[in-house]
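Structure first, commentary second.
Structure follows, in structure tokens:
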């Protein structure tokens with residue numbers, strides 16, 4: 001017998017408002033139950049490749065399906081294939097964290113469904129973005145010379161910064177491009193060996209190539225070596241290369257190390273007379289930048305007042321669902337010079353000084369992402385945000401203390417934020433391959449157990465475990481259970 | 001007296017599950033009421049620049065704010081500044097349309113908050129994306145040689161296609177970049193004078209420059225002139241230029257004209273021996289591609305079986321909230337060659353043949369966008385989707401018939417989809433400036449009235465009004481009211 005359909009499914013319009021209300025309440029209840037129980041699910045999905053695919057039909061059904069069936073498949077097909085970033089024991093990569101107000105903000109954004117490409121296509125989308133990013137700027141203690149725009153990811157922000165640097169170098173690249181010209185020098189971007197891969201990817205995308213990125217060595221604490229940077233730039237200048245930009249990182253991906261931004265800025269200042277137009281300084285604080293909200297950590301963003309651009313991801317450590325990247329620039333007119341193209345069909349009669357964010361980057365279509373950030377900031381308040389960040393830093397100190405007191409573990413990097421790098425090195429084992437097998441074995445066993453999810457990196461040739469804190473559901477008790485699981489797998493192997 | 005706070009606000013964790021349930025129901029009710037009443041609001045926001053900004057505090061409050069206050073500000077501050085893309089009389093640009101199942105899908109995505117960068121970071125995110133895009137491919141009648149990935153916008157898809165074309169040309173650009181090399185020819189992309197501005201923006205971004213784009217003339221119906229294309233490529237080849245790609249459009253932005261993709265593909269085939277590696281053919285069907293779902297319109301995507309890549313936006317005319325762009329490629333390995341970078345911290349022990357979508361483009365962070373598309377497709381079903389598209393095409397025929405029968409209006413382009421281009425040309429007025437003033441005046445008056453929102457373009461020097469159909473709430477009656485409003489403003493001026 002065919003199931004009854006919801007109103008609206010046989011019309012040519014949207015889901016009927018009453019049906020929306022009913023299904024919406026069911027979805028909210030589903031989410032509340034999910035978030036309440038996520039700690040009991042395996043963190044890393046245990047499914048083998050292809051399992052989800054095999055659970056789904058090969059083609060869409062002709063007939064509408066009742067929402068109840070779709071929600072049932074969320075439980076039966078989707079959830080088992082989810083790696084739970086919401087889980088209190090998700091400690092891999094950076095432990096990004098959404099939140100209740102962020103989820104509700106995202107629902108409202110989807111409902112309003114505006115495209116904020118132009119000011120007039122929703123003044124509130126543009127102005128709320130400006131205001132909310134200004135609030136965030138103040139929270140981070142940054143100067144008022146920075147203007148913000150929300151983009152999807154830090155990868156795009158960094159690529160955009162590199163494109164702006166290329167534009168400011170005034171080499172006619174927007175008009176004439178780079179290929180087949182004999183009047184262009186080689187162009188180069190400098191970043192540390194510990195910078196995020198998005199710097200290299202951005203450089204590849206905008207046509208600088210991998211050779212267009214010079215990886216500057218780091219010191220023993222994985223921070224960019226500023227003398228080496230200056231030397232690299234000077235030797236490139238001597239060879240006729242045009243240095244375009246330096247990307248410094250506050251909170252590198254492997255160890256969360258902090259490049260010495262003030263010293264980098266000073267070095268770039270010294271070089272100013274040799275590079276007309278200057279070298280663009282972009283600061284990638286995608287994860288670590290958020291910590292500057294705390295008075296006692298404000299120093300992590302020292303030097304940003306001399307930077308040309310800065311990126312921080314509220315979708316990482318500021319409780320906002322992915323995606324929400326705050327990208328700040330000192331000279332928005334350079335972004336506009338690099339990217340603005342206004343065909344007739346996008347011309348408006350609005351005042352010349354309104355901000356049309358489509359002019360600031362690659363994408364024309366722009367979701368109203370500011371709304372969720374605005375709701376998150378207001379719901380928690382400055383005090384609440386600070387309390388949560390401090391709590392995460394305390395949890396990281398707990399892990400640090402555990403590693404440091406452990407007879408078999410050794411810590412492999414300082415812990416400036418909430419990510420701890422360590423490995424097992426039992427007495428008598430010095431062979432790096434053997435240590436790699438041991439630590440990779442522990443990691444794999446812990447992850448497969450579903451108890452916790454950690455990731456790894458490599459530091460000076462040493463296979464390194466990473467435990468990142470950042471989830472709003474993590475408690476000291478649950479964290480201790482994760483540490484016990486690591487201990488258990490370690491004991492089973494030593 | 002201070003207001004009572006919600007549970008969770010004074011903790012260091014997320015909003016409490018009970019509070020989420022309560023606030024979630026309130027938000028769902030808010031959305032249901034909003035969608036139910038949106039037709040009574042002014043389509044274009046009447047606020048002057050700065051008004052929303054002035055309604056907001058200059059800094060975030062220290063203390064958490066109750067959700068009730070935030071929701072009240074949605075009504076008081078945000079809604080008046082919204083241009084209602086959900087309004088049944090939103091006919092500007094392309095009339096994109098979300099839907100109930102899409103909004104609920106977005107809420108679930110925000111709740112799960114996974115980053116689908118790697119297969120293992122949520123197998124269901126990757127596999128549901130593959131399966132749903134395969135369903136969509138079948139719905140559009142496209143061949144099985146196309147593999148899909150969801151990106152945020154067609155702007156990014158097109159830029160990615162151009163970067164893939166650059167990679168396939170095998171000029172060592174990924175490694176060595178383009179600047180300062182004397183072994184590279186000039187590179188060029190061809191697209192019609194009616195292509196979307198994102199083609200030029202993509203070319204600027206990847207370093208080809210505006211000169212790297214050759215605008216091919218169109219015929220009287222605004223379709224790319226294939227002879228002119230072939231001639232342009234041959235003359236460039238003779239001059240030593242390397243043709244990289246052709247971007248053809250199915251549904252151009254101004255008039256929704258359809259470039260002759262089969263003839264373009266045949267021309268590129270003829271040129272194959274002269275361009276080792278071939279010229280990449282990218283088809284931009286961001287808006288129009290969706291119509292291929294209808295058997296009687298399947299022909300609009302003829303030729304895509306010979307294309308290297310194709311883009312269609314479910315967030316435009318497929319009832320999915322922004323952003324959701326389906327990008328199909330024939331050789332994903334070229335995308336991977338262009339973009340894949342796997343630092344140690346993103347290496348996995350997963351099977352070699354799993355898809356890690358981070359390898360397919362610029363962005364590392366990837367929202368689980370497939371979920372909303374999957375929910376939209378299932379909730380409406382193939383029959384329901386087709387009925388809605390047919391209904392929009394019928395509404396567009398209604399507008400076309402009205403224009404064609406109108407004593408003062410003239411239609412300025414064929415109507416292959418659901419967008420109608422026209423202008424007023426009263427007897428006796430032939431001066432283009434006068435006609436521009438008249439039509440711009442009508443447009444501005446209709447838009448300011450809040451009754452409807454139309455946009456404009458320019459066709460062969462003629463100021464042109466555009467009326468785009470695509471909203472799930474539009475009815476024949478409401479549409480007639482819009483046509484009457486146009487008539488009224490026209491009568492007031494003639």
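Residue numbers (the working numbering), protein chains in the order written: chain B, 1 to 494; chain G, 1 to 494. Beta carbons: idealized from backbone N, C-alpha and C, even for Gly.
Terminal residues of the alpha helix (DSSP H) in which residue i lies
i, result
"residue 215 of chain G", "Residue 215 of chain G -> not in any alpha helix (DSSP H); beta strand (DSSP E) instead, spanning 213 to 216."
"residue 284 of chain B", "Premise fails: residue 284 of chain B lies in the beta strand (DSSP E), 280 to 284, not in any alpha helix (DSSP H)."
"residue 194 of chain G", "Here residue 194 of chain G belongs to no alpha helix (DSSP H), and DSSP marks it neither H nor E."
"residue 22 of chain B", "17 to 37"
"residue 235 of chain G", "226 to 238"
"residue 114 of chain B", "Counting along the chain, residue 114 of chain B falls outside any alpha helix (DSSP H), and DSSP gives it neither H nor E."
"residue 540 of chain G", "Outside the displayed range of chain G (1 to 494) lies residue 540 of chain G, so it cannot be described from this structure."
"residue 479 of chain G", "476 to 491"
"residue 51 of chain G", "51 to 55"
"residue 293 of chain G", "Neither: residue 293 of chain G is in no alpha helix (DSSP H) and is coded neither H nor E."
"residue 73 of chain B", "67 to 73"
"residue 267 of chain B", "261 to 270"
"residue 274 of chain G", "It is not in any alpha helix (DSSP H) - residue 274 of chain G carries neither H nor E in the DSSP assignment."
"residue 175 of chain B", "173 to 176"
Nearest-angstrom Cβ-Cβ length linking residue i and residue j, presumed shorter than 8 Å
i, j, result
"residue 443 of chain B", "residue 424 of chain B", "Not a contact, Cβ separation roughly 10 Å."
"residue 203 of chain B", "residue 216 of chain B", "Wrong, their Cβ atoms sit about 14 Å apart, outside the cutoff."
"residue 493 of chain G", "residue 435 of chain G", "With 8 Å as the limit, residue 493 of chain G and residue 435 of chain G do not qualify as a contact, their Cβ atoms being about 11 Å apart."
"residue 356 of chain B", "residue 85 of chain G", "Not a contact, Cβ separation roughly 16 Å."
"residue 475 of chain B", "residue 88 of chain B", "6 Å"
Terminal residues of the beta strand (DSSP E) in which residue i lies
i, result
"residue 464 of chain G", "462 to 468"
"residue 453 of chain G", "453 to 459"
"residue 424 of chain G", "419 to 424"
"residue 249 of chain B", "242 to 249"
"residue 311 of chain B", "309 to 312"
query = Mind pulling the beta strand (DSSP E) runs of 3 or more residues that sit fully within the stretch 327 to 415 of chain B?
reply = 409 to 411
query = If you measure beta-carbon to beta-carbon, which residues of the stretch 121 to 151 of chain B are closer than 9 Å to chain D?
reply = Within the model displayed, chain D is absent; protein chains B and G are what it includes.
message = Using 8 Å as the cut-off, can you tell me whether the stretch 412 to 431 of chain G makes contact with the stretch 335 to 349 of chain G, which would need three or more C-beta pairs spanning the two stretches below that distance?
response = Taking 8 Å as the limit for Cβ pairs, the verdict is that the stretch 335 to 349 of chain G does not touch the stretch 412 to 431 of chain G.
query = For the stretch 8 to 21 of chain G, which residues have a CB atom closer than 9 Å to at least one CB atom of chain B, in sequence order?
reply = 8, 9, 10, 11, 12, 13, 14, 15, 16, 17, 18, 19, 20 and 21
ask   = Can you list, in chain order, the residues of the stretch 151 to 183 of chain B whose Cβ is nearer than 7 Å to any Cβ on chain G?
value = 152, 153, 155, 156, 159, 163, 173, 174, 175, 176, 177, 178, 179, 180 and 182
inquiry  = Quick check for students: name the residue ranges of the alpha helix (DSSP H) that lie wholly in the stretch 124 to 170 of chain G, counting only runs of 4 or more.
reply    = 154 to 168
ask   = Is there contact between the stretch 127 to 138 of chain B and the stretch 148 to 163 of chain B, where contact requires at least three CB pairs shorter than 8 Å?
value = yes
query = Between the stretch 353 to 387 of chain G and chain B, which residues of the former have a C-beta closer than 7 Å to a C-beta of the latter?
reply = Of all residues in the stretch 353 to 387 of chain G, those with a C-beta nearer than 7 Å to a C-beta of chain B are 354, 362, 363, 364, 365, 367, 375, 377, 378, 379, 380, 381, 382, 383, 384 and 387, reading in chain order.
request  = Mind the definition here: the stretch 35 to 46 of chain G touches the stretch 119 to 130 of chain B only if three or more C-beta pairs lie below 8 Å; say whether that holds.
outcome  = yes
task = Tell me, please, whether the stretch 65 to 76 of chain B touches the stretch 72 to 87 of chain G by the rule of three or more beta-carbon pairs shorter than 8 Å.
result = no
message = Would the stretch 17 to 26 of chain G count as touching the stretch 464 to 473 of chain B if we require 3 or more Cβ pairs under 8 Å?
response = no
query = Between the stretch 171 to 178 of chain B and the stretch 359 to 376 of chain B, do at least 3 Cβ pairs fall closer than 8 Å?
reply = no
task = Would you list, in chain order, the members of the stretch 93 to 115 of chain B that have their beta-carbon closer than 9 Å to a beta-carbon of chain G?
result = 93, 96, 97, 98, 99, 100, 101, 102, 103, 104, 105, 106, 107, 108, 109, 110, 111, 112, 113, 114 and 115
request  = Check whether the stretch 221 to 240 of chain G touches the stretch 256 to 273 of chain G, taking contact to mean three or more Cβ pairs, one atom from each stretch, closer than 8 Å.
outcome  = yes
ask   = Quick one, which residues of the stretch 34 to 46 of chain G are near chain B if we go by CB-CB under 8 Å, in chain order?
value = Flagged, chain order: 34, 35, 36, 44 and 45.
ask   = Counting pairs of Cβ atoms below 8 Å between the stretch 377 to 394 of chain G and the stretch 162 to 172 of chain G, do you hit three or more?
value = no
ask   = Contact between the stretch 95 to 110 of chain G and the stretch 47 to 60 of chain B: three or more CB pairs below 8 Å?
value = no
inquiry  = Can you pull out the residues from the stretch 447 to 465 of chain G whose beta carbon lies closer than 8 Å to at least one beta carbon of chain B?
reply    = 455, 456, 457 and 458
Chain B contacts from the stretch 186 to 208 of chain G (Cβ-Cβ distance under 7 Å) = 186, 187, 197, 198, 200, 201, 204, 205, 206, 207 and 208
request  = Report yes or no: do three or more beta-carbon pairs, one from the stretch 329 to 339 of chain G and one from the stretch 374 to 392 of chain G, lie closer than 8 Å?
outcome  = Counting Cβ pairs under 8 Å, fewer than three are found: no touch.
ask   = Do the stretch 475 to 485 of chain G and the stretch 446 to 461 of chain G meet, that is, are 3 or more Cβ pairs less than 8 Å apart?
value = yes
query = Are there three or more Cβ pairs, one per stretch, closer than 8 Å when the stretch 273 to 286 of chain B is compared with the stretch 230 to 248 of chain B?
reply = The stretch 273 to 286 of chain B, when compared against the stretch 230 to 248 of chain B, does touch it at the 8 Å Cβ threshold.
ask   = Does the count of Cβ pairs from the stretch 325 to 332 of chain B and the stretch 306 to 314 of chain B closer than 8 Å reach three?
value = yes
request  = Could you run through the stretch 320 to 348 of chain G and flag, in chain order, every residue whose CB is less than 7 Å away from some CB of chain B?
outcome  = 321, 322, 323, 339, 341, 343, 344 and 345
message = Counting only Cβ-Cβ distances shorter than 7 Å, please list the residues of the stretch 55 to 70 of chain G near chain B, keeping chain order.
response = Those would be 56, 59, 60, 61, 62, 63, 64, 65, 67 and 70, in chain order.
Residues of the stretch 209 to 235 of chain B whose Cβ lies closer than 7 Å to any Cβ of chain G, in chain order = Under the 7 Å Cβ criterion, the stretch 209 to 235 of chain B contributes 209, 210, 211 and 212.
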